[in-house]
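Colleague: In this note's numbering, the protein residues as written are 150 to 464. Got a structure for you, questions after.
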């Protein structure tokens, strides 16, 4: 029996060369890279490190001021004037003191009203105008577009005196937020232009197909254009919300005489005293003003970036 199995075993034995037996496992499929390939990989790695290092440095450049404000908001009044970067004791009570400031919650409500209602009015009024400028052919369209662009280039300080005389003297709305909110119901030049550029990227074939199905212009706008324009609308809404939330010039002109109509950005000045300023409380109030904007942008940054990017695809 052993004599019959010996030849079969000899025939089934695989003779592996000595070099193959000594080669490490897995090395058969990896050919040594040529010097040119190694140089290219090294160059790509250096470029990756350089780009990311530059990005980290730029991020730190913009983030460090916010970190400084936050750390100062947790210091005591005496330490806030020192050169210390880290609080000795974390004074979280500073935020409670800010909320206990007379009128702070009213200023918060005023800011929400101004930013929220202003954003809604801007979107509702700007979308139809942008849709007409992007998709309709009518006499004077280019002239209207040039007027919109010229309004974007006009500094608000140029018209502040006639606007104040109209709203404060003629309509007696001084000391309120309405002189800043009501004009947004008639459209915003920047929002109209940004939406117009975005709507230009929507193919006309979708609109033509809707017309064949019997849809009118209003239904096309509501059922076809608006769903496709969500990124652009989101970008416009965020721009307007940020502008209203951070607006200092408007409340200073129209609402400075009435503390009950102040917004947070303007009310920060009230934390400065004539002879002494509590910088820790001022920084705590600043953090509370910045926090909503940072959170909104954090959760909506994808739509914001997409909306801004697509506006330049087609002119």
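Backbone N, C-alpha and C define an ideal beta-carbon position, used for all residues, glycine too. The model shown is predicted, which means the values in this text are computed figures rather than measured ones.
How big is the Cα-Cα spacing for residue 187 and residue 198?
Modeller: Position 38 of the chain shown, counted from the first residue, corresponds to residue 187. Position 49 of the chain shown, counted from the first residue, corresponds to residue 198. About 17 Å.
Colleague: With a threshold of 8 Å on Cβ separation, who are the neighbours of residue 268 within its own chain once the five nearest residues in sequence on each side are excluded?
Modeller: Taking the chain shown and counting its residues from 1, one reaches residue 268 at position 119. 386, 389, 390 and 393, listed in sequence order.
Colleague: Any idea if residue 453 is buried or exposed, counting beta-carbon neighbours within 10 angstroms, 16 or more meaning buried?
Modeller: Looking up residue 453 in the chain shown gives position 304. Buried: at least 16 other Cβ atoms inside 10 Å.
Colleague: Given a cut-off of 8 Å, decide if residue 279 and residue 403 are closer than it, judged by their beta-carbon atoms.
Modeller: Translated into positions along the chain shown, residue 403 becomes position 254. Translated into positions along the chain shown, residue 279 becomes position 130. By the CB criterion at 8 Å, residue 403 and residue 279 fall outside the cutoff.
Colleague: Could you check which residue in 214, 212 and 242 has the C-alpha nearest to that of residue 226?
Modeller: Taking the chain shown and counting its residues from 1, one reaches residue 226 at position 77. If we check each option's Cα against that of residue 226, 242 comes out closest.
Colleague: Would a C-beta distance cut-off of 8 Å place residue 347 and residue 381 closer than the cut-off?
Modeller: For the purposes of this step, residue 347 is taken as the residue at position 198 of the chain shown. For the purposes of this step, residue 381 is taken as the residue at position 232 of the chain shown. Yes, the pair counts as a contact, with Cβ atoms nearer than the cut-off.
Colleague: Suppose you measure from the CA of residue 384 to the CA of residue 397; what does that come to, to the nearest Å?
Modeller: Within the chain shown, the letter at position 235 stands for residue 384. Within the chain shown, the letter at position 248 stands for residue 397. Whole-angstrom Cα-Cα distance: 22 Å.
Colleague: Cα separation between residue 212 and residue 297?
Modeller: Within the chain shown, residue 212 is the residue found at index 63, counting from 1. Within the chain shown, residue 297 is the residue found at index 148, counting from 1. Near 35 Å, if we compare the C-alpha coordinates of residue 297 and residue 212.
Colleague: If we count the other Cβ atoms within 10 Å of its Cβ and call it buried at 16 or more, is residue 429 buried or exposed?
Modeller: Within the chain shown, residue 429 is the residue found at index 280, counting from 1. Classification for residue 429: buried.
Colleague: Put residue 426 into one of helix, strand or coil per three-state DSSP.
Modeller: One-based indexing of the chain shown puts residue 426 at position 277. Residue state, collapsed to three classes: strand.
Colleague: Do you know how far the Cα of residue 305 is from the Cα of residue 238?
Modeller: If you number the chain shown from 1, residue 238 lands on position 89. If you number the chain shown from 1, residue 305 lands on position 156. Rounded to whole angstroms, residue 238 and residue 305 show a C-alpha spacing of 45 Å.
Colleague: Which residues does DSSP pair with residue 421 in a beta bridge?
Modeller: Here residue 421 corresponds to residue number 272 of the chain shown, with the count starting at 1. In the DSSP output, where bridge partners are listed per residue, residue 421 has 426.
Colleague: Is it right to say residue 521 is buried, meaning 16 or more other beta carbons lie within 10 angstroms of its own, or is it exposed?
Modeller: The question about residue 521 has no answer, for the chain in this structure spans 150 to 464.
Colleague: Based on Cα-Cα distance, which residue from 193, 442 and 204 lies nearest to residue 414?
Modeller: Locating residue 414 in the chain shown gives position 265, where the first residue counts as 1. Nearest option by C-alpha distance: 442.
Colleague: Quick one: Cα of residue 295 to Cα of residue 418, how far?
Modeller: As a first step, residue 295 must be located in the chain shown, where it is residue number 146. As a first step, residue 418 must be located in the chain shown, where it is residue number 269. The straight-line gap from Cα to Cα measures roughly 38 Å.
Colleague: Check for me: the alpha helix (DSSP H) holding residue 290 runs from which residue to which?
Modeller: Here residue 290 refers to the residue found at position 141 of the chain shown. 290-302 is the span of the alpha helix (DSSP H), which, as asked, contains residue 290.
Colleague: Taking its Cβ as the centre, do 16 or more other Cβ atoms sit within 10 Å of residue 235, making it buried, or is it exposed?
Modeller: In the chain shown, counting from the first residue as 1, residue 235 sits at position 86. Label assigned to residue 235: exposed.
Colleague: Quick one: is residue 416 buried, meaning 16 or more other Cβ sit within 10 Å of its Cβ, or exposed?
Modeller: The count along the chain shown starts at 1 and reaches residue 416 at position 267. Burial call: buried.
Colleague: What does a CB cutoff of less than 6 Å around residue 271 pick up in its chain, not counting 5 residues either side in sequence?
Modeller: Within the chain shown, the letter at position 122 stands for residue 271. Here the set comprises 333, 337, 340 and 389.
Colleague: Among 349, 205 and 426, which has the Cα closest to the Cα of residue 377?
Modeller: Here the question's residue 377 lines up with position 228 in the chain shown. The residue with the shortest Cα to Cα distance from residue 377 is 349.
Colleague: For residue 222, does the three-state DSSP call read helix, strand or coil?
Modeller: The sequence position of residue 222 within the chain shown is 73, counting from 1. Residue 222: helix per DSSP, three-state reduction.
Colleague: Taking residue 303 and residue 345 to be in contact with their CB atoms under 8 Å, please state how far apart those CB atoms are, rounded to whole angstroms.
Modeller: Taking the chain shown and counting its residues from 1, the one referred to as residue 303 is at position 154. Taking the chain shown and counting its residues from 1, the one referred to as residue 345 is at position 196. Residue 303 to residue 345, Cβ: 18 Å. No contact.
Colleague: Check each candidate in 412, 421, 379 and 191 and name the one with the smallest Cα separation from residue 451.
Modeller: The residue labelled residue 451 in the question sits at position 302 within the chain shown. With distances taken between Cα atoms, residue 451 lies closest to 379.
Colleague: Where does the unbroken alpha helix (DSSP H) through residue 309 begin, and where does it stop?
Modeller: For the purposes of this step, residue 309 is identified with residue 160 of the chain shown, where counting begins at 1. Run containing residue 309: 309-313, per the alpha helix (DSSP H) assignment.
Colleague: If contacts are defined as beta-carbon pairs under 8 Å, then residue 266 and residue 330 qualify, I think. What distance do you get, rounded to the angstrom?
Modeller: The residue given as residue 266 occupies position 117 in the chain shown. The residue given as residue 330 occupies position 181 in the chain shown. About 6 Å; that satisfies the 8 Å criterion.
Colleague: Classify residue 410 as buried or exposed, calling it buried when 16 or more other Cβ atoms lie within 10 Å of its own Cβ.
Modeller: Numbered from 1 along the chain shown, position 261 holds the residue referred to as residue 410. The Cβ neighbour count for residue 410, taken over all protein chains shown within 10 Å, is at least 16; the residue is labelled buried.
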